[in-house]
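Position 6, counted from 1, in the sequence shown is what full-length UniProt numbering calls 6; the numbers after and before it change by one each time, with no gaps.
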Amino acid sequence: MKLQHYLGGLEGLGPVNTETRVFVEPWETRIFGIHTAMMALSTHLPLPQTPSAFHTIWTWADLRKGAESLNPFDYFKYRYYEKWLGGISSYFIQHGYITEEELDALTEEYYADPSKSLPSSGDAAIDDRVVQYLVEGDSPARDVPVAAKFSVGDVVRIANVPSVEHTRLPGFLRNRTGVVETVYPGAYTYLCDTGPDGIGEAMTVYCVRFDPNELWPGNAEPNFSLYADLYARYVAPADVSLSVKAA
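As structure tokens, this is what we get:
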């Protein structure tokens with residue numbers, strides 16, 4: 001498991017960045033806009049067709065996979081939107097929208113002449129689809145018959161699933177026990193199939209309460225609890241070992 005999946009309770013990672021601005025540099029607003037447009041134009045959404053050349057699936061999960069696939073040293077070196085830029089750039093290369101050589105050449109052009117005008121763009125149908133997406137969203141909730149295996153008050157143990165690219169399970173919860181606080185009604189899918197990590201299909205989601213002393217023995221403050229919303233894949237009876245290996 002990569003270090004960026006296992007941050008809770010770790011010490012000695014260096015100074016904490018207290019930057020409060022949402023966008024530090026002007027270009028970061030453009031990265032946010034590109035990501036939003038890609039989500040709105042993703043082919044998995046039942047929205048009106050547009051003349052856009054974007055013809056693949058892009059979700060929050062794809063963005064997260066791009067960031068989390070970085071080498072840990074790079075992950076902690078770059079700021080938030082720098083990770084976004086790397087993930088989006090890699091995605092466009094991997095899906096054939098542009099080659100690495102073409103991207104490098106364009107980058108050098110704009111380094112050499114920062115005042116060089118950007119390509120022209122704009123289409124009313126694309127703009128309308130982006131607005132519709134922002135209004136309607138893409139809910140992960142699904143009205144499907146999935147039976148919950150646990151009830152409020154049950155003691156459960158958290159899995160140690162293999163995380164290849166992306167996971168929704170914090171490292172510090174793995175192999176720890178907690179108590180089911182809430183069983184959310186219905187079932188919830190994830191935005192993509194996470195492979196050996198095991199989420200994607202519709203399943204129950206639980207809110208599990210943890211005693212900090214269970215998570216960080218001898219190094220936790222008293223009189224509080226930690227809560228985590230967890231997919232059913234990550235939850236099992238307390239007397240079951242859940243160290244899961246990739247096939």
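C-beta atoms are modelled at their ideal positions from N, C-alpha and C, and glycine is treated no differently.
Measuring C-alpha to C-alpha distances from residue 215 to each of 169, 106 and 226 identifies 226 as the nearest. The segment 27-46 and the segment 120-134 touch, with no fewer than 3 CB-CB distances between them shorter than 8 Å.
Contact between residue 28 and residue 81 is confirmed by a C-beta separation of about 4 Å, below the 8 Å threshold. DSSP lists 179 and 227 as the beta-bridge partner residues of residue 209. Each residue's CA atom was taken as its position, placing residue 15 and residue 73 some 15 Å apart. Annotation for residue 213: 220 place their beta carbon closer than 7 Å to its own, counting only its chain and skipping 5 residues before and after.
For residue 51, there is no enclosing alpha helix (DSSP H), as DSSP marks it with neither H nor E. Residue 169 counts as buried, since no fewer than 16 other beta carbons sit within 10 angstroms of its beta carbon. In this structure, residue 202 and residue 146 form a Cβ contact; the two beta carbons are roughly 6 Å apart against a cut-off of 8 Å. Counting C-beta pairs closer than 8 Å gives fewer than three between the segment 103-112 and the segment 50-65, which falls short of the contact rule. The beta carbon of residue 12 sits closer than 8 Å to no other beta carbon from its chain once the five residues preceding and following it are set aside. When beta bridges are read from the DSSP output, residue 135 appears opposite no residue.
Of all alpha-carbon atoms in 138, 189 and 17, the one lying nearest the alpha-carbon of residue 40 is that of 138.
The continuous beta strand (DSSP E) containing residue 236 extends over residues 235-237. The beta carbon of residue 234 sits closer than 7 Å to those of 158, 159, 161 and 169, all from its chain and outside the five residues before and after it, given in chain order.
Relative to residue 191, the option among 175, 180, 60 and 37 whose CA is nearest is 60. DSSP, reduced to helix, strand and coil, places residue 147 outside both helices and strands of the structure shown, so it counts as coil. Just measuring C-alpha positions, the residue of 38, 163 and 92 sitting nearest residue 196 is 163.
Here DSSP, grouped into helix, strand and coil, assigns residue 188 to strand.
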